[in-house]
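Residue numbers are given in my numbering: position 103 of the sequence shown equals residue 103, and the series is strictly consecutive. Accompanying notes for the structure given below.
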Amino acid sequence: MTKYSSELKLRAVLTYLKGTASFKTIADQFHISTSPLKVWVAQYKVNGVDAFHSTYTNYDLNFKMDVLNYINDFGVTPNEAAAIFNIPSPSTVHKWVKLYNSAGIDALKSMKKGRPSMKKESNKQSKRVQVEGSFEALEARIKQLEMENEYLKKLNALVQSKEKSPNKTKHK
């Protein structure tokens, strides 16, 4: 949900583009801050009215890298890149730049949100065990053998305690 409607954004931008008032005056008139107004004007100049008709978008890794490469190649700011690529929020591009600079390209990969289903988790575990010779596979095998060993020890102790017990139950 957006904080400001598309109509309000368009009216504010068109008022600014008439050239009769400054950013501050128009921001006060529409009860908004000057920062989003400047972003809206930049987006409008590049994309027209379509800049304000945004939908939720999950950007793929290639698109993110295209935006970051454009910033590096042409020396534009993340705000300008957001306007050029019609990204509704410049903070999204700022976040991509920060992630890329701190952790590299792997940080830009989309990650699924929410809890994974139980079915998928069990499939991942079985796939992990199938890789022979890996450290995780060997650890899993050791754990499995230890559990089998404990089970057999308890079973043996139970059988021995029953043999020593003088009160054997009679079966009818």
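Ideal placement from N, C-alpha and C gives every residue a C-beta, glycine not left out. Model, not experiment: these values are computed from the prediction.
Q) When the Cβ atoms of the region 24-33 are set against those of the region 45-63, are three or more pairs found closer than 8 angstroms? A) no
Q) Since Val-93 contacts Pro-78 with CB under 8 angstroms, what's their CB separation in whole angstroms? A) Indexing the sequence shown from 1 puts residue 93 at position 93. Indexing the sequence shown from 1 puts residue 78 at position 78. Yes, they are in contact, since the Cβ atoms of Val-93 and Pro-78 sit about 4 angstroms apart, within 8 angstroms.
**Q.** Proximal residues to Tyr-16 (C-beta, below 6 angstroms), its chain only, five neighbours per side dropped
**A.** Here the question's residue 16 lines up with position 16 in the sequence shown. For Tyr-16, where only same-chain residues beyond five positions count, the Cβ hits under 6 angstroms are Ile-26 and Val-41.
(Q) So, for Leu-10: in the same chain, excluding its five sequence neighbours on each side, which residues have a beta-carbon less than 7 angstroms away from its beta-carbon? (A) In the sequence shown, residue 10 corresponds to position 10, counting from 1. The answer, listed in chain order, is Val-49 and Phe-52.
Q. Contact check, Val-97 vs Leu-61 under 8 angstroms by CB: the rounded distance?
A. Within the sequence shown, residue 97 is the residue found at index 97, counting from 1. Within the sequence shown, residue 61 is the residue found at index 61, counting from 1. Contact doesn't hold; Cβ gap of about 15 angstroms is too wide.
Q | Inside the region 71-158 only - alpha helix (DSSP H) runs reaching at least 4 residues | A | 78-84, 90-103 and 118-130
Q.
I need the DSSP call for Lys-3, collapsed to helix, strand or coil.
A. Residue 3 sits at position 3 when you count from the first residue of the sequence shown. Note: Lys-3 maps to coil in three-state DSSP.
Q) Apart from the five residues on each side of it in sequence, which residues of its chain come closer than 8 angstroms, Cβ to Cβ, to Asn-58? A) Numbered from 1 along the sequence shown, position 58 holds the residue referred to as residue 58. Excluding residues within five positions, the ones whose Cβ falls inside 8 angstroms are Ser-110.
Q: Could you have a look at Asp-44 and say whether DSSP puts it in helix, strand or coil?
A: Start at 1 with the first residue of the sequence shown, and residue 44 comes out as number 44. Going by the sequence as given, residue 44 is Tyr instead of Asp. Of the three classes helix, strand and coil, the one that applies to Tyr-44 here is helix, per DSSP.
Q: Report the residue ranges of all alpha helix (DSSP H) runs contained in full by the region 9-34; include only those spanning at least 4 residues, in chain order.
A: 23-30
Q) Anyone know if the C-beta pair for Asp-66 and Phe-85 falls short of 9 angstroms? A) Here residue 66 refers to the residue found at position 66 of the sequence shown. Here residue 85 refers to the residue found at position 85 of the sequence shown. Yes, the pair counts as a contact, with Cβ atoms nearer than the cut-off.
Q | Helix, strand or coil at Asp-50 according to DSSP, with G and I counted as helix | A | Along the sequence shown, read from residue 1 onward, the residue named residue 50 stands at position 50. Reduced to three states, the DSSP call for Asp-50 is helix.
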